[in-house]
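Q:
In the working numbering, the protein residues as written are 333 to 946.
(1) Check whether the Cβ atoms of residue 521 and residue 866 lie closer than 7 Å to each other.
(2) Alpha carbons only, please: which of 864, 832, 810, 766 is nearest the one belonging to residue 439?
(3) Can you pull the DSSP bridge partners for residue 818?
(4) Could you check if residue 698 is buried or exposed, using at least 16 other CB atoms within 10 Å of its CB as the buried criterion?
(5) Does residue 588 pass the burial test, meaning 16 or more other C-beta atoms within 10 Å, or should it be called exposed?
(6) How would you label residue 740, buried or exposed, when you count the other beta carbons within 10 angstroms and need 16 or more for buried?
(7) Taking the straight line between their C-alpha atoms, what separation do you get for residue 912 and residue 598?
(8) Under the assumption that residue 422 contacts residue 885 (Cβ atoms under 8 Å), give the Cβ distance between them as a whole number of angstroms.
(9) Kindly indicate the opening and closing residues of the alpha helix (DSSP H) around residue 452.
(10) Are the region 866 to 880 and the region 461 to 478 touching, with three or more C-beta to C-beta distances below 8 Å?
(11) If I measure Cβ to Cβ from residue 742 and keep anything under 6 Å in the same chain, skipping five residues before and after, which residues do I get?
(12) So what does residue 737 bridge to, in DSSP terms?
(13) If we ignore side chains and look at the alpha-carbon of each, how far apart do residue 345 and residue 446 end up?
(14) Counting C-beta neighbours from all protein chains within 10 Å, is the total for residue 482 16 or more, i.e. buried, or is it exposed?
(15) Taking just the CA atoms, how far does residue 775 sit from residue 765?
(16) Relative to the C-alpha of residue 747, which residue among 789, 762, 909 is closest?
(17) Which residues does DSSP list as the beta-bridge partners of residue 639?
(18) Between residue 371 and residue 444, what straight-line distance do the alpha-carbon atoms span, to the nearest angstrom?
(19) Please report the straight-line C-alpha distance between residue 461 and residue 694, rounded to a whole angstrom.
(20) CB-CB under 7 Å to residue 567, same chain, minus the five flanking residues each way: which ones, in chain order?
(21) Below 8 Å on the Cβ atoms is my guess for residue 723 versus residue 471; work out the distance and round it to an integer in Å.
(22) What's the call for residue 374, buried or exposed, on a 16-neighbour Cβ count within 10 Å?
(23) Am I right that residue 728 and residue 817 are in contact with their C-beta atoms under 8 Å? What's the rounded C-beta distance?
(24) What first and last residue would you give for the alpha helix (DSSP H) that runs through residue 520?
(25) Between 477, 506, 569, which has its C-alpha nearest residue 408's C-alpha?
(26) Might you give, ordered along the chain, the residues of its own chain that have their beta carbon closer than 7 Å to the beta carbon of residue 732, omitting 5 neighbours on each side?
(27) Identify every residue that forms a DSSP beta bridge with residue 673.
(28) So what's residue 587 in DSSP terms, helix, strand or just coil?
(29) Between the beta-carbon of residue 855 and the beta-carbon of residue 607, is there less than 7 Å?
(30) Could you check which residue in 719, 745, 795 has the C-alpha nearest to that of residue 413?
(31) Are three or more beta carbon pairs between the region 819 to 831 and the region 653 to 671 nearer than 8 Å?
(32) Using CA coordinates, which residue listed in 730, 642, 509 is at the minimum distance from residue 820?
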């Protein structure tokens, strides 16, 4: 049985064998050989019909166990570094920020590798194995005493007298984290699109199944994160670190087994080539033709004659984008010169001539970048729940009742619960009310939704500063070590963080998926993780600067002023909101004609038709 499974797995790792077996999506088979990275078989492959829900137990099961495993291992990482590796608290926060940032940036690289070379199945397969190996090594640091510093008493911890990790021990730890980063880089951008590939968009049953798939995918993912941050973290803190790490590692192995068990049902979409080359072609062609005159904006006949309109689209679902005057210099890339069009109507050299469609898709990306940048500082407030909120809880009373004590790594789950509870309220109550007022199907525009999340994020930092001052004063009044205040005092700020995430994070995901060109959906998914990465890196830089210039971030939180640090983030968030207002005012939704773009009526978000106002 094992030999048969390995044989099937070997076949599936070969792109040519997948094509010959007919394991190609019926809607994508025709474009399988056109991509720059596929290498392409000229023989027309047989079609395999998408199996839909028959594949879902394997894909959703794989995603759920992978989430429990990855979050169960990393949610408590700050506490593990402080308690078992004796890393100083601020240094541990920085390590976690850099690790989280790199983990969230890696999907951009994974999306490129998947789209250009490997395809989603092979990217998922390789990255899942990398994640499992990283978990095994991290588990070994908890199991084998030689791979971590010697144990230390509580009294020695409080005075900083514990022996830190050696270079070898740190090398093993960082190797495990590096493998986890590689794994996340492949799993995060490909898991959801691979599930989407299994449904046909040409049938009513397939479209309904796809809508249901999104609901189940996000539902099971959220439940998996909650399980990881409660049950798994409790085992780590209250029973045993080796057992607490072994459980996620075993679940990751089960996740891989489930994924490979479904190979006979999957539809395999071959790689289509790098989207980045198409973006570069527009800029190169525009620079080469920078001195050529453009046709008059109001001369439709001249535009039709002089500009290259043969889209040559590989994705039949792509929206036809009208020519716009914004970033008009790029339009020169579509000017037709002698000998640049082949007899079949295609471009003779795509580095000298690009279609209007290709140019407008690049403009979509250019418009998105300023809005994307504003999300980084917004998430700067949200990332604090994984570091300083956990460290604060270590100095507070975490008891619920007489005997049960909340693990510090589980404190941020309050934000997740607030997020999960608020989304139905928003969808069922707030959206219908807003729809009656604005006339927009979604209640408010996508940019308005993001802006609301930014305002709530600023409020969460103000509340966090007030709560931290109260916690610090209480700790100093009771001996300077622990505060008798309940850790549930952190709940208001975390609830605000959850609501802010419901507005901004969900708004960002929907915004990228709607505004990105259709053939760049994997890249669109990875861009959200790049927002998280930027916030993590910025948090690490801000911590380093504040620690160098002030005494606010002391390794003993009671001797520092973390409340001032929260206020700085709040001020940065307020400035960022003003910047976002400017970006939103000038943003033009994808597919907006010039006439509609000039009509600033504030209702463009619903139909993606006009400039947005927030």
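From the three backbone atoms N, C-alpha and C, an ideal C-beta is built for every residue, glycine too. What you are looking at is a predicted structure, and each value in this text was computed from that prediction instead of being measured.
A: Taking the structure as given:
(1) Contact: no.
(2) Selected option, being the one with the closest Cα: 864.
(3) Paired residues: 729.
(4) By the 16-neighbour rule on beta-carbons within 10 angstroms, residue 698 is exposed.
(5) Residue 588 counts as buried, since no fewer than 16 other beta carbons sit within 10 angstroms of its beta carbon.
(6) By the neighbour-count rule (16 or more Cβ atoms within 10 Å), residue 740 is buried.
(7) About 42 Å.
(8) Between residue 422 and residue 885, the beta carbon gap of about 5 Å places them in contact (Cβ cut-off 8 Å).
(9) Taken as a continuous stretch (DSSP letters only), the alpha helix (DSSP H) holding residue 452 covers 451 to 475.
(10) No contact exists between the region 866 to 880 and the region 461 to 478.
(11) The answer, listed in chain order, is 561, 562, 565.
(12) DSSP lists 731 as the bridge partner or partners of residue 737.
(13) A caution first: residue 345 carries a pLDDT of 35, below 50, which makes its placement in the model too unreliable to give a value.
(14) Classification for residue 482: exposed.
(15) One C-alpha to the other measures close to 7 Å.
(16) Proximity to residue 747 across 789, 762, 909 peaks at 789, based on C-alpha coordinates.
(17) Under DSSP, residue 639 takes part in a beta bridge, and its partners are 667.
(18) Bear in mind that the predicted position of residue 371 carries a pLDDT of just 39, short of 50, making it unreliable; the figure below should be weighed with that in mind. Roughly 16 Å between the two C-alpha positions.
(19) C-alpha separation (whole angstroms): 35 Å.
(20) Cβ contact annotation for residue 567 (same chain, cutoff 7 Å, sequence separation greater than five): 575, 576, 579, in chain order.
(21) Not really, about 24 Å apart at Cβ, beyond 8 Å.
(22) For residue 374, the predicted model reports a pLDDT of 39, less than 50, meaning its position is unreliable and no value from the coordinates is stated.
(23) 6 Å between Cβ atoms; contact.
(24) Taken as a continuous stretch (DSSP letters only), the alpha helix (DSSP H) holding residue 520 covers 499 to 529.
(25) Looking at the Cα atoms, 569 is the closest of the given residues.
(26) Taking residue 732 as the centre and dropping the five residues before and after it, the same chain places the C-beta of 738 closer than 7 Å to its C-beta, in chain order.
(27) In the DSSP output, where bridge partners are listed per residue, residue 673 has 679.
(28) DSSP places residue 587 in helix when its eight states are reduced to three.
(29) Contact flag set, yes.
(30) Out of 719, 745, 795, 719 has the C-alpha closest to the C-alpha of residue 413.
(31) With a cut-off of 8 Å, the region 653 to 671 and the region 819 to 831 do not count as touching, because too few Cβ pairs lie within range.
(32) For residue 820, the nearest C-alpha among the options comes from 730.
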